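**Q** First the structure, which I've put down as structure tokens, then a few questions once you've had a look.
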Amino acid sequence: MHSSIQRHERSASRRMLLAGTAALLAPLPVFAETATKEKVMAALPKLKDFARQIVDKKQVPGLSIAVVYRDEVVLLDAAGVRDVNKPQPVDVDTVFQLASVSKPLASTVVAALVSDGTVSWDSRIRDIDPGFALHDELASSAVTVRDLFAHRSGLSGTVGNDIEEIGVPQGEILQRLRLAKPGYSFRSGYAYSNFGLTEGAVAAARISGKSWEEACEEKLYKPLGMTSSSSRYRDFVNQSNRAALHVPIDGVWAAFTRRDADAQAPAGGANSNARDLAQWMRLQLANGQYDGRQLIKKEAIDPSHVPASVRGVDPKTGNPSFYGLGWNVDYREHGVEWSHAGAFSAGARTLVHLIPGEHLGIAVLANAFPTGVPEGIAYTFFDLVFTGKPTRDWVAFGNEIFAAGYKASMKQSLAYLKPPASPAPALPPSAYLGDYRNDYVGDAKVSESGGALYLHLGPAGIRFPLTRFNRDLFVYVPYAETPQQRAGVTFLIGPDGRASEVTIENLNDDGLGRLPRVGAK
């Protein structure tokens, strides 16, 4: 499973998924049947029926599927609705936000640039983007495009995600990465970093004289005829046939959230449909060849499929799992498998899963979070091909992982749902009012209106109500889609009886959420 979950792809939610996985691992049946055209074609009607059953059970509002076998698109299918508020049907041309399925797309674009000789996987970032730096000088001088796409630069899995959420633009986020102390030694570990990969992609495109979005169009979308695909949020919004994001409210899917991922476009900002992704899967399974032409040299695309980091435990087998360059790489009963999942906690789930030795691949797009439906559909399909029937309820398996992990991730937030029986009284509002700042988060402000306190964050000064929890500890709701998820805001009171600094819990995963007071005392 090893899915990638984000609003900005919050790494806490990613850890949530992995924590929930461990208890659910189970031995796989031992089999190594091969795919044939007859087996694949026999599985497709069952797959379509299975997808409709999922939608009928309201496990997701809508979904779209593409299947490729031996360079042929053998299935394009869709079911359900784009938006529960406007129940137009999903079809195979409906555009979905891809979340982290953007990463293997980005890897393909960089492979095309490598193929052209514009850049190398081993190009040093310092040479192609001299303004970029990491906290550690050794890492700054040596980090390469390969390191950033393999998530082994030393950057933690959270840095950058938090300030994206409050509206800090891409360029500023990439500059501020240097403020974060490494989460592990350079090239000696793995931490899934959206903005590390984003820097690698943006730098590779920049050296070619193009923006990232232009490079995607020129090197991937146009050559493959992916006319509905883009790496810009405005292009997604301008699509008339697009899927809304959905989250559960009291057990019912609701569509009210939005997710602009332009700041991390290579890592999470692409949008596409089943028809277009089928063409990209053909290119991948043919090692850079498309319609008889070698669009990307094999020696440029092959490194993306080779393990570069150990990412953890494969939730399907319990064996070690690996990360290539923008791809999960696993070794299972049918040989090597390349995959990547994506999710926005604001309401999207996506998956691409390829078995290159069988020339077989599937992409599943769903307009809802949280759900294990994409993995459930893919694993069920592979079972149908190789054994003729499902070996287990894979959707339930995926949903259990999400549920277990979600519960673990919400533990601290749930502690804020019920205030202490006898909370210590807060100081007068004037003790907390004022301006606060640090170089990572930027400016924050605490204001008062109608007797209530508000926290203002980010370049646009997004306003959040503060609720007193206990004396100088307040809580707020950072994410609209999860109102039950609360974060602490703690003020440090100085000798003068006024706050001298504030610590914002959800911006402090990397120790960068402490903001001293600035201005008049």
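Numbering (the numbering used here) for the sequence shown: -10 to 510.
Heads up, the beta-carbon is just placed ideally off N, CA and C, and yes, glycines get one too.
Since the structure is predicted, the reported quantities are computational estimates derived from the model, not experimental observations.
Taking the CB atoms as reference points, tell me whether residue 353 and residue 335 lie closer together than 9 angstroms.
**A** Not in contact: residue 353 and residue 335 (Cβ atoms no closer than 9 angstroms).
**Q** Would you mind reading off the limits of the alpha helix (DSSP H) that contains residue 97?
**A** Start and end: 91 to 105.
**Q** Measuring CA to CA, which of 503, 90, 58 and 434 is closest to residue 219?
**A** If we check each option's Cα against that of residue 219, 90 comes out closest.
**Q** What residue from 44, 112 and 406 has the CA that sits closest to residue 193's CA?
**A** Closest by alpha carbon: 112.
**Q** Helix, strand or coil for residue 541 per DSSP?
**A** With the chain represented from -10 up to 510, any question about residue 541 goes unanswered, as that position is not in the structure.
**Q** Specify the secondary structure class of residue 144 as computed by DSSP and reduced to three states.
**A** Here residue 144 sits in coil by DSSP.
**Q** State buried or exposed for residue 537, treating a residue as buried only when at least 16 other CB atoms are found within 10 Å of its CB.
**A** Past the boundaries of the shown model lies residue 537; the chain is included only from -10 to 510, so the question cannot be answered.
**Q** Give me the residue from 28, 188 and 67 with the minimum Cα distance to residue 40.
**A** Of the candidates 28, 188 and 67, the one whose C-alpha sits nearest the C-alpha of residue 40 is 67.
**Q** On the criterion of 16 or more Cβ atoms from any shown chain inside 10 Å, does residue 305 qualify as buried, or is it exposed?
**A** Looking at its Cβ environment, which holds 16 or more other Cβ atoms inside 10 Å, residue 305 is buried.
**Q** Smallest Cα separation from residue 488: which of 461, 387 and 249?
**A** Selected option, being the one with the closest Cα: 461.
**Q** Cα separation between residue 504 and residue 182?
**A** Cα to Cα, the separation comes out at about 24 angstroms.
**Q** State yes or no: is the C-beta of residue 72 within less than 9 angstroms of the C-beta of residue 317?
**A** It is not a contact, given that the beta carbons lie outside the stated cut-off.
**Q** Report yes if the C-beta distance between residue 337 and residue 65 is below 9 angstroms; otherwise report no.
**A** Going by C-beta atoms, residue 337 is not nearer than 9 angstroms to residue 65.
**Q** How many Å lie between residue 314 and residue 417 at the Cα?
**A** In a straight line, the C-alpha of residue 314 is about 53 angstroms away from that of residue 417.
**Q** How about residue 145 and residue 498: do their beta carbons lie closer than 9 angstroms?
**A** Yes. Within cutoff.
**Q** Using only alpha-carbon positions, find the residue among 431, 445 and 369 that is nearest to residue 437.
**A** Among 431, 445 and 369, the Cα nearest to that of residue 437 is on 445.
**Q** Between which two residues does the alpha helix (DSSP H) carrying residue 369 extend?
**A** Here the alpha helix (DSSP H) through residue 369 covers 362 to 375.
**Q** Just confirm the distance between the C-beta atoms of residue 457 and residue 443, as a whole number of angstroms; I'd bet it's less than 8 angstroms.
**A** Going by Cβ atoms, the distance from residue 457 to residue 443 rounds to 13 angstroms, so no, they are not a contact pair.
**Q** Just the Cα atoms here: how many angstroms apart are residue 299 and residue 330?
**A** Their Cα atoms are separated by approximately 17 angstroms.
**Q** Only counting the same chain, and skipping five residues up and downstream in sequence, which positions put a Cβ closer than 7 angstroms to that of residue 201?
**A** If we look at residue 201 and ignore the five residues flanking it on each side, its Cβ neighbours are 190, 191, 194, 220, 254 and 255.
**Q** Locate the alpha helix (DSSP H) running through residue 72, then write down its first and last residues.
**A** Where residue 72 is concerned, there is no enclosing alpha helix (DSSP H), although the beta strand (DSSP E) it sits in stretches over 61 to 72.
**Q** Report the residue ranges of all beta strand (DSSP E) runs contained in full by the stretch 263 to 337; include only those spanning at least 3 residues, in chain order.
**A** For the stretch 263 to 337, whole beta strand (DSSP E) runs of length 3 or above, ordered along the chain, are 298 to 302, 309 to 312, 317 to 321 and 324 to 333.
**Q** To the nearest angstrom, report how far apart residue 122 and residue 407 are at their CA atoms.
**A** About 43 angstroms.
**Q** Using only the alpha-carbon positions, how far apart do residue 166 and residue 285 sit?
**A** C-alpha separation (whole angstroms): 32 angstroms.
**Q** Spatial neighbours of residue 107 within its chain, please: CB distance less than 6 angstroms, with the 5 preceding and 5 following residues excluded, ordered by chain position.
**A** Same-chain partners within the cutoff: 197.
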